[in-house]
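Chemist: The following block contains the structure, expressed as structure tokens.
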Amino acid sequence: MSTENQASVQPVQVVPASEKKSNQKSSVRSSRFRIQSIARHHVVGAQIDEDHEKTLQERTENRHQKLQQRQQQNLERIFKLSYDSCLDETAGEPDPDWIHLFMTIAQDIFSPPMQKLWSRILRQEVLAPGSISLKTMMTLKQMTQRDAQLFRRACMLTCHFGQDNSKKLLTGIKYKTGLFRQLKSPSIDKINLGYYQLPYSHLLELIGLGLVLNTELESGKLQNDVALNFHYQGSDYQLQPATTTLSLLYYRLSPVGQEIAQLLGNHRHDEYKNNLTELLNKHFIVTSDAPSHHVI
1 MSTENQASVQ
11 PVQVVPASEK
21 KSNQKSSVRS
31 SRFRIQSIAR
41 HHVVGAQIDE
51 DHEKTLQERT
61 ENRHQKLQQR
71 QQQNLERIFK
81 LSYDSCLDET
91 AGEPDPDWIH
101 LFMTIAQDIF
111 SPPMQKLWSR
121 ILRQEVLAPG
131 SISLKTMMTL
141 KQMTQRDAQL
151 FRRACMLTCH
161 FGQDNSKKLL
171 TGIKYKTGLF
181 RQLKSPSIDK
191 INLGYYQLPY
201 SHLLELIGLG
211 LVLNTELESG
221 KLQNDVALNF
231 HYQGSDYQLQ
241 PATTTLSLLY
251 YRLSPVGQEI
261 AQLLGNHRHD
271 EYKNNLTELL
281 NKHFIVTSDA
291 PSHHVI
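In full-length UniProt numbering, the protein residues as written are 1 to 296.
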């Protein structure tokens, strides 16, 4: 009679060696096919294809011609996107050196999402010449599409407060409680940015790109008799501190990060906003600046 353990035993499936080799070969073929496709696309596949009908000089000229055509197409797409996004706003004349650098970089922007971002750069500079620095463009030149997506996620979590309009990533609230709290070590209510797809490793990447300053900062002690203006992605609040021991911890976007963030606009993270409001309500009397002006 079979026991319960015996009945639950599943037969071990043995993969034949020939099938393993077949899978490995399939993987090799797939990677070789990908390299071959890239080589053909960029006109450098003659040795792979063993195609020597054209001379080296002819192949070189062909590659340069196709690259120039793609660069021309990139610029035309970016200018068209920028043109379509414009209304009849008052515009200025960008600096010729700025336009030259823009054209030099933009011609090598191939992905549609990044082309859209560069079209916004052009539009902003036409509307307000001097608003996009050369340093910002050079930083963007080094950014991949993944970098841009990562920074966009970070921007969705940024706020600003007080009289300073620079965007910040709030990381926590420092406070003291209880009797003789002035003599106690402070506690910190931390915000887990990793929960919102911005772990510390990603924050370090943004610091490395020069988009976020590399030091966590702390505000001064907030006065409990003065309301603090607090803004999150288009929502405005007044924060009345519950005690005199509160301060805010945060990372500040760099000047370059600020310029790029302005191009991206306001895009809030609803779950983060709800959790942020809950945290603020633990330490402040939070009043919305909406027309109804209500406590939340």
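Cβ atoms here follow ideal geometry from the backbone N, Cα and C, with glycine treated the same way.
Using beta-carbon positions only, say whether L169 and L157 come within less than 8 Å of one another.
Modeler: On the sequence shown, residue 169 is found 169 positions in, with the first residue counted as 1. On the sequence shown, residue 157 is found 157 positions in, with the first residue counted as 1. Yes. Within cutoff.
Chemist: Looking at C-alpha atoms only, which residue of D189, Q233 and V226 is the closest neighbour of G265?
Modeler: In the sequence shown, the residue the question calls residue 265 occupies position 265. G265 has its Cα closest to that of Q233, out of D189, Q233 and V226.
Chemist: Looking only at DSSP bridge pairs, what is Q238 linked to?
Modeler: The residue labelled residue 238 in the question sits at position 238 within the sequence shown. Looking at the DSSP assignment, Q238 forms a beta bridge with N229 and T287.
Chemist: Can the beta-carbon of G162 be found less than 8 Å from the beta-carbon of P129?
Modeler: Indexing the sequence shown from 1 puts residue 162 at position 162. Indexing the sequence shown from 1 puts residue 129 at position 129. In this structure, P129 does not lie closer than 8 Å to G162 by Cβ.
Chemist: Who are the Cβ neighbours of E218 in its own chain at under 6 Å, not counting the five residues just before and after it?
Modeler: By one-based count along the sequence shown, residue 218 stands at place 218. Within the same chain, E218 has close Cβ partners S247 and L249.
Chemist: Would you give the residue range spanned by the beta strand (DSSP E) that Y250 belongs to?
Modeler: Within the sequence shown, the letter at position 250 stands for residue 250. S247 to R252 is the extent of the beta strand (DSSP E) around Y250.
Chemist: Any idea what DSSP makes of N281, helix, strand or coil?
Modeler: Working through the sequence shown from its first residue, we reach residue 281 at position 281. Helix, per DSSP.
Chemist: Buried or exposed: where does L193 fall if 16 or more other Cβ atoms within 10 Å of its Cβ makes it buried?
Modeler: Locating residue 193 in the sequence shown gives position 193, where the first residue counts as 1. Per the 10 Å Cβ criterion, buried.
Chemist: Among F284, R120 and G257, which has the Cα closest to the Cα of F102?
Modeler: Start at 1 with the first residue of the sequence shown, and residue 102 comes out as number 102. Measuring from the Cα of F102, the nearest candidate turns out to be R120.
Chemist: What are the start and end residues of the beta strand (DSSP E) that includes C159?
Modeler: In the sequence shown, counting from the first residue as 1, residue 159 sits at position 159. Unbroken beta strand (DSSP E) run through C159: T158 to F161.
Chemist: Taking Cβ positions, are L204 and Y251 nearer each other than 8 Å?
Modeler: Residue numbering aside, residue 204 sits at position 204 when the sequence shown is read from its first letter. Residue numbering aside, residue 251 sits at position 251 when the sequence shown is read from its first letter. Going by C-beta atoms, L204 is not nearer than 8 Å to Y251.
Chemist: Is the beta carbon of L211 closer than 8 Å to that of F151?
Modeler: The residue labelled residue 151 in the question sits at position 151 within the sequence shown. The residue labelled residue 211 in the question sits at position 211 within the sequence shown. Going by C-beta atoms, F151 is nearer than 8 Å to L211.
Chemist: How many angstroms separate the CA atom of Q223 from the CA atom of T104?
Modeler: Sequence index remark: in the sequence shown, residue 223 carries index 223 (1-based). Sequence index remark: in the sequence shown, residue 104 carries index 104 (1-based). Approximately 51 Å, taken between the alpha carbons.
Chemist: Within 10 Å of its beta-carbon, does L56 have 16 or more other beta-carbons around it, so buried, or fewer, so exposed?
Modeler: Walking along the sequence shown from the start, residue 56 turns up at place 56. So L56 ends up on the exposed side.
Chemist: With a floor of 4 residues, list each alpha helix (DSSP H) that falls wholly inside the stretch 54-95, ordered by position along the chain.
Modeler: 56-85
Chemist: According to DSSP, G172 sits in a beta bridge with which residue or residues?
Modeler: Counted from its first residue, the sequence shown places residue 172 at position 172. DSSP lists K190 and L249 as partners of G172.
Chemist: Buried or exposed for K54, please, with buried defined as at least 16 other CB atoms from any protein chain shown within 10 angstroms of its CB.
Modeler: For the purposes of this step, residue 54 is taken as residue 54 along the sequence shown, with counting starting at 1. Burial call: exposed.
Chemist: Could you check if E271 is buried or exposed, using at least 16 other CB atoms within 10 Å of its CB as the buried criterion?
Modeler: Residue numbering aside, residue 271 sits at position 271 when the sequence shown is read from its first letter. Residue environment analysis places E271 among the exposed positions, since fewer than 16 neighbouring C-beta atoms fall within 10 angstroms of its C-beta.
Chemist: Go through its chain and collect everything with a Cβ distance to E216's Cβ below 8 Å, but skip five positions before and after it.
Modeler: As a working mapping, residue 216 is identified with position 216 in the sequence shown. Correct list, in chain order: T171, L249, Y250 and Y251.
Chemist: Do the CB positions of V43 and R59 come within less than 8 Å of each other?
Modeler: As a first step, residue 43 must be located in the sequence shown, where it is residue number 43. As a first step, residue 59 must be located in the sequence shown, where it is residue number 59. Between V43 and R59, the C-beta gap is smaller than 8 Å, which places the two residues in contact.
Chemist: Can you check which of these residues, T244, L228, E278 and D88, is closest to H160 by C-alpha distance?
Modeler: The residue given as residue 160 occupies position 160 in the sequence shown. Between H160 and the set T244, L228, E278 and D88, the nearest pair of CA atoms involves L228.
Chemist: Only counting the same chain, and skipping five residues up and downstream in sequence, which positions put a Cβ closer than 7 Å to that of E50?
Modeler: Locating residue 50 in the sequence shown gives position 50, counting from the first residue. If we look at E50 and ignore the five residues flanking it on each side, it has no Cβ neighbours.
Chemist: Please determine, among P199, Q197 and K174, the residue with the shortest C-alpha to C-alpha distance to residue 297.
Modeler: Residue numbering for the chain in the displayed model covers 1 to 296; residue 297 lies beyond these limits and cannot be assessed.
Chemist: In chain order, what residues of the same chain lie with their CB nearer than 6 Å to the CB of W118, ignoring the 5 residues before and after it?
Modeler: Sequence index remark: in the sequence shown, residue 118 carries index 118 (1-based). These residues qualify, in order along the chain: I78, A106 and I109.
Chemist: Determine the contact status of Q145 and P113, defining contact as a CB-CB distance below 8 Å.
Modeler: Here residue 145 refers to the residue found at position 145 when the sequence shown is read from its first residue. Here residue 113 refers to the residue found at position 113 when the sequence shown is read from its first residue. In this structure, P113 lies closer than 8 Å to Q145 by Cβ.
Chemist: A154: which of Q142, K176, H41 and I207 sits nearest, CA to CA?
Modeler: Taking the sequence shown and counting its residues from 1, the one referred to as residue 154 is at position 154. A154 has its Cα closest to that of I207, out of Q142, K176, H41 and I207.
Chemist: How would you label K282, buried or exposed, when you count the other beta carbons within 10 angstroms and need 16 or more for buried?
Modeler: Sequence index remark: in the sequence shown, residue 282 carries index 282 (1-based). K282 should be labelled exposed.
Chemist: Indicate the three-state DSSP secondary structure (helix, strand or coil) for E216 in the structure shown.
Modeler: The residue you call residue 216 lines up with position 216 of the sequence shown. The answer is coil: DSSP assigns E216 none of H, G, I, E or B.
Chemist: Can you name, in chain order, every residue of its own chain whose Cβ lies under 7 Å from the Cβ of A46, other than the five neighbours on each side?
Modeler: Within the sequence shown, the letter at position 46 stands for residue 46. Cβ within range, chain order: H52 and R59.
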